[in-house]
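Position in the sequence shown counted from 1, then plus 81, gives you the numbering used here.
Every residue, glycine too, gets a C-beta built ideally from N, C-alpha and C.
Structure first, commentary second.
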Amino acid sequence: MYELLIIAAFVVTLAVVVLRPQRADAHCDTMEGPTAKDGVRALESADLDHALKWVAPEGEAELREVFERSLAARKLGPEAQEVADRWFLENLVRIHRAGEGAAFTGLLPAGTPVEEKVAAADRSIEEGDLRPLAGLVPAERWPELERRFAEVLEHREYDMHDLDAARAYVDAYVSFFKFAEGHDHDHPHVHAGRAHAGHGHGH
């Protein structure tokens, strides 16, 4: 039963992806985004804690159910595993985007182009240095960008089983990315996490 539900859901999401222009609207819409990468880690380790930080508290129950069904379907063979993995990742990103108040129209493959500022912000976090964003963010926005970047670095070392700490990192991460892209509004997902956990999207 699980595998039939998964295959049906996958067919629907695949149709959406095929019809969609092949450019990511946001970092988390691709297989190379941090949300999907953590989803893969969760599947490979059978530990949802790798990915749970990316969904708002109100999305946790749905994601847990999808995860358990995906793990069950993975045991049915290589083809079932491939479909189950895709189904879980699609739902992870969909629920994550819903927490942002954003639409989700499919998970795009690795190699899909993303906005230059997004790629540069990604490199900045990897390198621990803002230089990749030099020239891409107006000078008057730089002090606030530096402040948000410092918060990312402050929270990046966390225990993945500590959901509060993990969400605090996602909070800082998303705030930094949104500002680098030129969006100053706060993140709905983050506020949901704070209200629930006392302080914690992805982009």
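Of the candidates Leu173, Arg178, Ala127, Ala127 places its Cα closest to the Cα of Lys156.
Each residue's CA atom was taken as its position, placing Phe169 and Gly216 some 38 Å apart. For Glu197, same chain residues with a beta-carbon under 8 Å away, outside a window of 5 residues either side, are Leu217 in chain order. DSSP links Thr111 through a beta bridge to Leu189.
In the same chain as Leu211, and ignoring 5 residues on each side of it, the C-beta atoms closer than 6 Å to its own belong to Ser205, Phe230, in chain order. Measuring C-alpha to C-alpha distances from Trp223 to each of Ala249, Phe260, Asp130, Lys118 identifies Phe260 as the nearest.
Separation of the CB atoms of Leu124 and Leu144 is rounded to 12 Å, and the pair is thereby denied contact status at 8 Å.
Look at the beta carbons and you see the region 131-143 touching the region 247-262: at least three pairs across the two are nearer than 8 Å. A straight-line Cα-Cα distance of about 5 Å links Val233 and Ala253.
Pro190 is classed as exposed because its beta carbon has fewer than 16 other beta carbons within 10 Å across all chains shown. Within 10 angstroms of the beta-carbon of Glu181 lie 16 or more other beta-carbons, which makes it buried. For Thr111, the closest of Gln162, Ala154, Val147, Arg167 by C-alpha to C-alpha distance is Arg167.
The DSSP-derived three-state label of Ala183 is coil.
Per DSSP, reduced to three states, the secondary structure at Val121 is helical.
In the three-state reduction of the DSSP assignment, Asp210 falls in the coil class, being assigned neither a helical nor a strand state. In this structure, Asp130 places its C-beta atom within 8 Å of the C-beta atom of His242.
Annotation for Pro224: the continuous alpha helix (DSSP H) segment containing it runs 223-236. Taking 8 Å as the cut-off, the beta carbon of Glu262 is found no closer than this to the beta carbon of Val195. DSSP, read as helix, strand or coil, puts Gly158 in coil.
It is roughly 33 Å from the alpha-carbon of Asp240 to the alpha-carbon of Glu160.
Under the DSSP assignment, Leu244 falls in the alpha helix (DSSP H) whose first and last residues are 244-262.
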